[in-house]
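Visitor: If you read the sequence shown in our numbering, its first letter stands for residue 108, the second for the next number, and so on.
Virtual Cβ for every residue (Gly too), placed ideally from N, Cα, C.
This one's a predicted model, so the numbers in the text were calculated from it and none came from an experiment.
Handing you this structure, nothing more for now.
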Amino acid sequence: MRASRTLRRDCSTGCVRSARYSSGMESSHTENAVGQEIADALGVLLRRTTRTRLHQKLTAGMGEAVDELTYPVLSALARIGPCSAAELAPEVGLDRSGVTRRASRLQDAGLVRREPDPADQRAQLLVLTEPGLRAVAELRERLAACDASEVELVK
C-alpha cells in the first residue's frame with residue numbers, strides 16, 4: 108500500500124492551495140498524475156524564484172519604491188493601461204489588496220497616481236505618471252540588455 112496525495116492549485120497563480128492524502132492501492136497512472144502535479148508545482152515555484160531574481164536584478168538602483176514586488180505592477184500598467192487594482196490583480200498574480208499596497212508605494216514615489224474611474228465614480232484607476240513611464244522605459248532597456256537565458260528561464 109502506498110499513500111497518495113491530491114494537490115489543488117489556484118488557477119490564477121498556480122500555487123498549491125490544499126493537499127489531500129489517502130492510502131490504498133494506487134495505480135501507476137494515479138502515481139504518475141500525482142508526480143506530474145508535484146513537478147508542475149515545483150516548476151511554478153522555480154519560475155517564480157527565477158522571476159524574482161530577474162526582477163531584483165532589473166530594479167537594482169531604481170529607488171526604494173521600485174523593487175521585485177512593485178515591478179510587476181509597473182510593467183502590467185504599462186502593458187494594459189489605466190485600470191483598477193481589482194482588474195490588475197489577475198495580471199500580476201496577486202489579490203486586490205496586494206496590488207493596492209504595491210500601488211500605494213508607487214504612488215508615494217510619484218510613479219503612479221489614482222484617478223476616478225469615469226465609468227464608476229466609486230472606483231479609482233491606477234495610472235502611470237510621467238516619472239512612472241520613464242521608470243518603465245528604463246526597466247525595459249535593462250530587460251532588453253539581459254542575457255536571453257535569464258529571460259527564457261522565467262517563461
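Considering just the uninterrupted stretch of the beta strand (DSSP E) at G232, what are its terminal residues?
Guide: Here the question's residue 232 lines up with position 125 in the sequence shown. Residue identity differs from the one stated: residue 232 is Leu in this sequence, not Gly. Here the beta strand (DSSP E) through L232 covers D227 to L235.
Visitor: In the DSSP assignment, find the unbroken alpha helix (DSSP H) run with P189 in it and report its ends.
Guide: Working through the sequence shown from its first residue, we reach residue 189 at position 82. Counting along the chain, P189 falls outside any alpha helix (DSSP H), and DSSP gives it neither H nor E.
Visitor: CB-CB under 7 Å to A185, same chain, minus the five flanking residues each way: which ones, in chain order?
Guide: One-based indexing of the sequence shown puts residue 185 at position 78. For A185, where only same-chain residues beyond five positions count, the Cβ hits under 7 Å are L235 and V243.
Visitor: Contact between the region 202 to 209 and the region 245 to 255: three or more CB pairs below 8 Å?
Guide: Flag = no, the region 202 to 209 and the region 245 to 255 do not touch.
Visitor: Between which two residues does the beta strand (DSSP E) harbouring D86 extend?
Guide: The structure shown does not extend to residue 86, since the chain is modelled only from 108 to 262, so the question has no answer here.
Visitor: Please report the straight-line C-alpha distance between L176 and L233, rounded to a whole angstrom.
Guide: Sequence index remark: in the sequence shown, residue 176 carries index 69 (1-based). Sequence index remark: in the sequence shown, residue 233 carries index 126 (1-based). Roughly 16 Å between the two C-alpha positions.
Visitor: Run through DSSP, which three-state label would D174 get?
Guide: Walking along the sequence shown from the start, residue 174 turns up at place 67. Of the three classes helix, strand and coil, the one that applies to D174 here is coil, per DSSP.
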